[in-house]
Each structure stands twice: as structure tokens, then as C-alpha cells.
Amino acid sequence: MISRRIFLKNGGLALVSLGFAPAFLARTVAAADARRRVLITIFQRGAVDGLNMIVPFGERAYYTARPTLAIAAPGRSEEAAVDLDGFFGLHPRLAPLKTLFDARQMAIVHACGSPDDTRSHFDAQDYMETATPGVKSTEDGWLNRYLHAREHQAATPFRAVALAPQLPRALQGLEPALAIGQISQFGIRGGGATDMVQSSFESQYAGAADSVLHSTGREAFDAVRMLKNADLGQYTPANGAEYPRSAFGEALRQIAQLVKADVGLEVAFAESGNWDHHVNEGAAVGLLANRLDDLARGLTALVRDLGDRMQDVVILTMSEFGRAVVENGNRGTDHGHGNAMMIIGGPVRGGKVYGRWPGLAPEQRHEGRDLAVTTDFRSVFAEVVHGHLGLTDTRPVFPGFTSQTTLGFL
Amino acid sequence: MNHSAVRHISRTPLVLSHCLLALLVSSLIPGSRITAAPRSSSAVPANADDKTIVHVLNRLGFGAVPGDVERVRRMGLDKFIDQQLRPETIPDERITARLTGLDTLTLNSHELAEDYFMPAQMAQRRAKQEAASQPSASATDKPDTRTPEQTQLMQAQRQVFTDLAQQKILRAVYSDRQLNEVLVDFWFNHFNVFAGKGLTRNYLTAYERDAIRPHVLGRFRDLLEATAKSPAMLFYLDNWQSAAPEGARTAIPNTRNRVSPPNPRRPFGRPGQIGMPPRQRTVADLPPKAQNKRPRGLNENYARELMELHTLGVDGGYTQQDVQEVARAFTGWTIANPRQGGGFVFDPRMHDDGEKIVLGHKIKAGGGEHDGEEVLDILASHPSTAHFVATKLVRRFVSDQPPQSLVDRAAERFRETKGDIREVVRTIVTSREFFAPEAYRAKVKTPFEFVASAVRATEADSVNVMPLVQTLRELGMPPYQCQPPTGYADRADAWVNTGALLNRMNFAVALTEGRVRGVRAPVSTGSGSIDAARDEIVDRVLAGDLSSATLETVAKASRPSQAVALLLGSPEFQRR
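Protein chains in written order, with my numbering: chain B, 4 to 413; chain X, 28 to 603.
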């Protein structure tokens, strides 16, 4: 069904330009179902300025509030916003994503965020990753609770992987999840005695009374064995995809590699940092623009590289909160509230900016200063968990939360 | 800098009743001594066993070096702890020798700017210009046109950072003032700044040396002010650019600044115009052509993190309104001639001189530079700060789940000593909770603690520790490079994961086999017996406390280096 829907709704031109192989158009429904759906989450740490990422150029108040930072409306400048629907536009550096939006493979939810008012990076990231805003005692992350709620018969050690030196809160919890900095470095390097050293460490950790180190050790060695059999070796991205040479690009490249290696990847996590622009944020060019450039080039490369596999894949971006509507005294923006999320992939009903737009006039703002939140971020998560990953009852993943709205992007 | 007049906000009668309660409680604990001073009773065991001594070496320092246990036993655990709390009494000559040759460590920020950063910047600019003038060079295909001289200048600039990273590791490994180094690491992390953010890097050496290091066992209020006025922090959290909106500024002609008392470590920048006294140029002096870079209003970044991360804690009881008021109070706290490595200066032209209300305290209009100091007084003496700082210290020294009883006593000690860090730490490391069985090996080492303790355990000789910096990067904890202001986490869940665990095992193997360049462990030469190498670590570093699984694997090792690798990569060695 999924492939049929994509076939029907997508224009051929866009697919070809992104390198989607024609093979996927011919794929049978049965083959698609046999494969695992994949969710790739991207955390933009530091609170991206959602108002300059997905620009509400139709708002007069946007331009009043940001005399030096506003992105020009389409047609008003060479570096103007890229029109999406006559009201919202992409930051010019996100222009490569326009093809995906037009191919209805990318949806945006704007004015989205937390019911909690915190403007602390740390708390807000924690709330988003545990998906329990306002509750600090939650020990596990929402992605891990999903894994737990939907135990997989044939789960592999690679079911959940963060391509990062640390395991993010979202993936911490009862179910195994891997943190891998570099796939090529993942293993024991014991010189001439690798096997002996590896089996020694393995039995040490297996015999440890220390439950944390015991289970992490077991997960690590299971994964090492599986990776050895998968024989990933050298990797050349498909369809001429070119990842940016950044930590983010490198993480996405490895995610694509794992998806294609069929090692059982279901949930992947990548970090994209450095979004906290209190000073000289820049408009069409500058600090934010450079970060968005990295983001767009990474996402485009990932989609291109995965090619027809994208029909099983959803990419979800998130950031802990948005930034104040009015620019501060240093051509930057201070911590705010509502933000925008992007959802990309074959199963997405894209080509639309979802969510109720609250407006940016002072009286329409949250606490008079920030973009108000009209969609709880958990509604977006829940829709992904339900609509894409196929979990019927999402309540265990989002304790105490019942989504009031179905946005319909999946 | 005299702020004693306003520093101490009146203490509530609650404090007194707490003191009495503490005395009462301590008298109920069997074996506790009540001393005349209001110091809480010490639970340091008189005849400590090896496990207890190793526990102390792991918590007050970066783990045991073979021989430490015997040394501490001879000295007496009580005396050892007391000595660590007074690092000035420990000669520590070894480290002086180790640090010779790291020339940039003793230079001030102005000298570093003049001798390293500015020449490198100019060389870089020249190289860029030359590259641009090459007709063949396209944007994507830039030939390397740097002259050897330019390359050398750019490398020299990197030397400042490598010297700093080098000294951090060397001190952790070789200093006898172990607790002092633990606390330098702790407080730097508490007041984190990120080397990767612009000019922060230029000020890093001075930040750790002059703002953090002198106060790690001193008064919290002094530490707080030292960081608040440090160019590294002013830059990192953007306060140097925070200014009152045009309408709210102090009406002062745009010609001269009020000048702070000269600081000999930070010479003044350029002299001003002819006929004017020496000036300290700030961001408010940007010429008309750079008008669009001049600050035009508040920046909340420092104000928020000051309360959330440095003092009150996120639940410490402040509001968004407080954030804005604190930001107003700190307007004008800026940097003189930042590119030339200038120091703190108060620029009244940027200051919002109106009245402020911070956490219910009124700060009168017209306070100028003093506004910020008053805010620091309010925050340093706030009960939330005592609680927040106590919690973090107990988490560092005792457990990821800080025992409430100890947090309360440490916070109480913080309040009654007006933030004397030495006494707060003493309360923690001599407490019964610290010596309780639940605290033993309760902490997973951070990557930094793991690497330092492994090098100590093997008594490795380090000539160049930069490969260890690379190891720390792979383990997710590169020194001075934590981007968010929260600093690195101090809880196991942040550091225990599959990739990092394998990396730790690999590091253990590489270190013992002599594959970490610049760091040579004696065991890597292959001389000596397996038994001797094993016993050295098992008995003298891990107090013989290992699982049978670990001991069995080590017994099967085929050479000494392998035995030691298996011990350093073991689950037991990951904890402290």
C-alpha cells in the first residue's frame, strides 16, 4: 500500500533528480512489508531558530521584530526565503529540501513544542527526549520506550543505534541501544591476540555483578560479532550522494550504511549541534545559515543515498525550543518557546506545513515574546510511532499524554 | 573589588536552628566526636583497610599509583585527607619539572594575543589574500599557498591550546595535589567555557590559571566573581556584548571609560587619542563603518546560565523576569580590546542604570559596575545556591544519587561558612555517607578519570600526552571542548555505552602495548613476569577486589602487557 501511495502522489521528475531508483516504483507491496520500517531522528541541540529556518514571510510582525535578522519574502531579494505555500518559506540554505517538499516527501509542523515553559537547554532537551515535559524523574527515553512497547521477535543488536560518542537520553532505558562513534572502529583491536583479548573481556563483563556494565558489555559484544559477519568494509554512497564533511554528515553516512547493510536497524539517532545563536546569528548568510547548510546537505545526501529505501524511512528533526520572536541586542536571538519540526520520507504526506499558526503579533505570543505552541511535540512523536512504526497503542511510550490532534502527515 | 559591605545578605534564624539540629544529630551517631568548632563529625576510619584507602585515592584523586596505598597507610588516612584539603602544604616538585617547556602556560592573555594569536591571524589573512589573488584558484580548488613562515605562525597558535591540554593531563597524572586537580576539573566544568567559540580559546589559559585554579578550595563568592569578570566567560556567554537598549543607557559622553584598578597580569591595550588618558576600547567603540556590529540591547545568555548552572540551579526559584533583570545589571561588564587579549572593564556607556529587582531584592538605580557585584552577592548567599553546589559536589565525591542527609549537611556547611569550599568538601569527604559501603565503587569513571587513572596505574611515562587528548575525543570528552554551558555530565548513564566501553578496552590494550604514542608504560617492554605485573595492579591499585571472571581471564594472559590490559579494561577498573 505504501509504495502504491508514493507511486500515485509523486511526480517522476522530482524522484529522478533526487536519484530515487526506478526500481522502487516497481517494487511489490509484499517486498516492502518484509522490510523493517526505519525512523531516523535528528536532534538539533542548542535550540534552532525555527522562525528563520521555516520563515513565516507572510507575517508583517516577523519583519517588525527582526530588523536585521529577517529573511526576505520570496522575490524580494536574491537571498530570499524559498516559497512553500505562499505564507511559509525555507531559509535559502534549505533550498535543496524544496524538491522533497514539492515531491510531497517532506512535511513541516510549525508552532510545535513543549507544554512546559522552561528556557533551559538542559531541561528542555531532557523533556523532549523523555517525552515527559515537566517531569524530571523519568528515567528512560521515548525511543527506548517504543522499543520496549513493541518487542521485536527478530531484534538484532542494531535495532537502535545512535551515531554518536554518547547514548542520547531518548535511547536510554531497558532495551538495548548502541552508541557508535565510527562503525569502522567498532570492535576490539588486540593486535595479534584480538580473539583472545575479545573473549577475555567478554567473559569479564558477562561475569560482572555490576548490572549496568554487564548489560552494556553484552550489547557491545553481540554487536561486534554481528558487524564482523556483516562485513561492512569500504562504503561508497549511492546515486552520487555527497555528505558534508562534518560530524553530522559522517553520522548520516553511517546510518545509510547500516540501513543498507540490513542489520536490523529500526531507530537511528544523529546529533546536529551548535544552534544556540545569541550573537550575530546572521540572516541569509552567517552562523545560522552555515549550520542550516550542513543540515540541508546532510539530509539531501541521506535521501539520495538511500534511494528507493526511502519508502521505508522517516526522518524526523527536533530541537528543544525555539527562539524569541524579537531579535536581541546583538543581532542574535535569546531562548524562546515554539519551534518547527521537519518530517521527511516515503510514507510522509508532505508538501504541507502542518499545525495551527498562532501569529506573531505581541499579543499572540507566548508570554508576549515567543512563538506560541499550538502542537505538543508529543503529538508529532506519537503520530510517527503510530503511523510509521505501526505501534497501535502509543500510551506506554507517552505516559499521561493523549494526543488531542492528529495532524495527518503520515 | 571590595564588596564585603553588601555581600552578606542577612541570614535567617533558620540557619541557627539548623546548626543546633546538626549538633544534636551528630551526637546521636555512635563514635562521633563533637568538637568545639561547628565542624561536622569525621567518619574517617582510624585503621583503614586497603579497600578504604583505594576508595579515598579514587575519589580525592585520579586513582592509585602503585605504592600510594602503603604511603597513605603510613601517613594515616585522616592526615592524608587533611593534607589534600590544604594543597599549599604539599611541595609537588615533580609537576614543576613536568611542565617546563610548556612556555605558554605562564603568559598573560595580552602576551598570548600579541605573540601567538594576532600573528597567526595576520598570517592566515595574508595567505587567504594571496590565494584569492591567484588567477587559477577557484572556490573549490584552493591551492595551498601558505609560506613556511605562515604555516609556522599558525602552528604556534595551536601550541597555546596543546600546552593547556597537556598540562591538564600531566597534572591529573603526576601532581601530588590530587584533590586540587580534581577540583580544578570540577570547577572548570561547573563554570564551563568552550574552546571552540571564537576568542574564548585565546583566554582559556588565563581562565583556568587565574579565575579557576586559585579559588578551587577558596570562597565560592570569589570564584563566582573571578569567572564573571573573566574575558573567557564574558565572551563565551556573550555578556561582553550585552548593552542597555539605546533609551535606557547611562548618559555619559562617548569619550572615556571609567577605568578599573589596573591589573598587572593584564596590561592595558592601546593608548587612546592624543591628549586623552589611556583608553580601554570596548565593543561600544566600534567605528561608524562597523556600526552594525555595535550592541543595541540586552543579551540574556549569561544571566540565565549564571542562575541555572553557576548558582541557584534550574529549580532554584528564579523567573524569566529575574533573567532579564540580571541581564540588565550586567550590562557594561565587557572586555577591553578583546582581540588584543585585554581584560575585564566596565563600560558605563553600555550600562542600564535604572533600578532592578532581582529575586525580590531591589538594586538601586545608579549603581553602575556595582549592580553586577550586588547580583553576585544575592546569588552566592541564596540558599538554593548552597543546595545546588552541595548536590553537585556530593555527586562528584559520593554517588550519582547524592544522599539527601549529606547534601543537607554540606549545604548547611556552605551557608554557615559563607561558601568556604574547603570546609564543604571536608564535610563531604569525611562523612559517614562517603565511607558507607553503598558509596564504594558507586561511581563510573568519566573518560578523563579513566584515562588519567590508567596512566597512573601503569606508572607510564608521558613525554607527549596529545594522543591521550585524541583518546578523550573518541571517548566523548575532549578537554576544554564541551560546547554547551552545562559542562560534561557527572553521571554513569552519560558515559556507559557500547561504543565508549569498547573504546576503553581498546585504550587499555594500546596503552599497555606501547601503542599510545608519547606515553610509555614500563609493562610494554615485555620484561618482568606476568605474575609481577598482575599483582602490581590487582593488589596495589584495585585492593585485590576483583571478580572471579576477571581474575580467571587475567590468569590466562600470555604476556605481562596483556594481563595489565585485561585489568585496565575490566568492569572493576571502570568504577571508582
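Every residue gets a Cβ at the ideal spot worked out from N, C-alpha and C, and that includes glycine.
Bridge-paired residues (DSSP) for A182/B
A165/B
Near R153/B, which residues of its chain fall below 6 Å by C-beta distance, leaving aside the five closest residues on each side in sequence?
L394
Using a Cβ-based criterion (distance less than 7 Å to any ligand heavy atom), does T189/X qualify as near the ligand PLP?
As presented, the structure is devoid of all ligands, the ligand PLP included, so that no description of it is given.
Rounded to a whole number of angstroms, what is the C-alpha to C-alpha distance between I390/X and V350/X?
14 Å
Chain-order list of residues whose beta-carbon lies under 7 Å from that of D225/B (same chain, five-residue window excluded):
P160
Taking the alpha-carbon positions, what's the G332/B to P70/B distance?
11 Å
8 Å is my cut-off, CB to CB: does G267/B come that close to chain X?
no
CB V41/B to CB D315/B, shorter than 8 Å?
yes
Whole runs of the beta strand (DSSP E) within the region 58-112 of chain X, excluding any shorter than 3 residues:
none
Is it true that the CB of S551/X sits closer than 8 Å to the CB of S588/X?
yes
Using a Cβ cut-off of 8 Å (strictly closer), state whether E327/X contacts chain B.
yes
Strictly below 8 Å CB to CB, what residues from chain X border Q175/B?
D520
Is the CB-CB distance between Q110/X and L87/X below 8 Å?
no
I'd like to know whether the C-beta of D265/X is nearer than 8 Å to at least one C-beta of chain B.
yes
Could you give the DSSP three-state label for V138/B: helix, strand or coil?
coil
Under the three-state DSSP convention, the category T227/X falls into
helix
Q128/B versus P272/X: straight-line alpha-carbon distance, rounded:
31 Å
Do you know offhand how far A330/X's Cα is from S554/X's?
58 Å
With DSSP run on the structure shown, which of helix, strand or coil describes M109/B?
strand
Can you give the Cα-Cα distance for R236/X and T197/B, rounded to whole angstroms?
43 Å
Among K470/X, L403/X and E439/X, nearest to Q428/X - alpha-carbon criterion:
K470/X
Indicate whether at least one CB of chain B lies closer than 8 Å to the CB of G596/X.
yes
Is A147/X near Q184/X, with beta carbons less than 8 Å apart?
yes
Contact check, M321/B vs T44/B, beta carbons under 8 Å
yes
Cutting at 7 Å between CB atoms, please list the residues of its own chain near A110/B, excluding the five before and the five after it.
I346, V351, R352, G353, K355, Y357 and F412
Using a Cβ cut-off of 7 Å, pull out every chain X residue sitting near Y208/B, in sequence order please.
P598
Let's test the definition: count the other Cβ atoms within 10 Å of the Cβ of G94/X and tell me whether it reaches 16, buried, or not, exposed.
exposed
Mapping the DSSP letters down to three states, classify D447/X as helix, strand or coil.
strand
Kindly indicate if chain X contains any beta-carbon less than 8 Å away from that of L410/B.
no
Using a threshold of 8 Å, state whether the C-beta atoms of D249/X and A311/X are closer than that.
no
With respect to the beta strand (DSSP E) encompassing L319/B, which residues constitute its N-terminal and C-terminal limits?
V316 to M321
Which ranges does the alpha helix (DSSP H) cover as unbroken runs of at least 4 residues, wholly within the region 364-401 of chain B, from first to last along the chain?
380-386
Buried or exposed: which applies to M260/X, given that a residue is buried once 16 or more other Cβ atoms fall within 10 Å of its Cβ?
buried
Mind listing the chain X neighbours of Q169/B? Cutoff is C-beta to C-beta under 8 Å, in chain order.
G503, A521, W522, N524 and A527
Can you list the alpha helix (DSSP H) stretches of 4 or more residues lying completely in the region 406-433 of chain X, in chain order?
410-424
Between the region 215-228 of chain B and chain X, which residues of the former have a C-beta closer than 8 Å to a C-beta of the latter?
V215, L216, H217, T219, G220, E222, A223, A226 and V227
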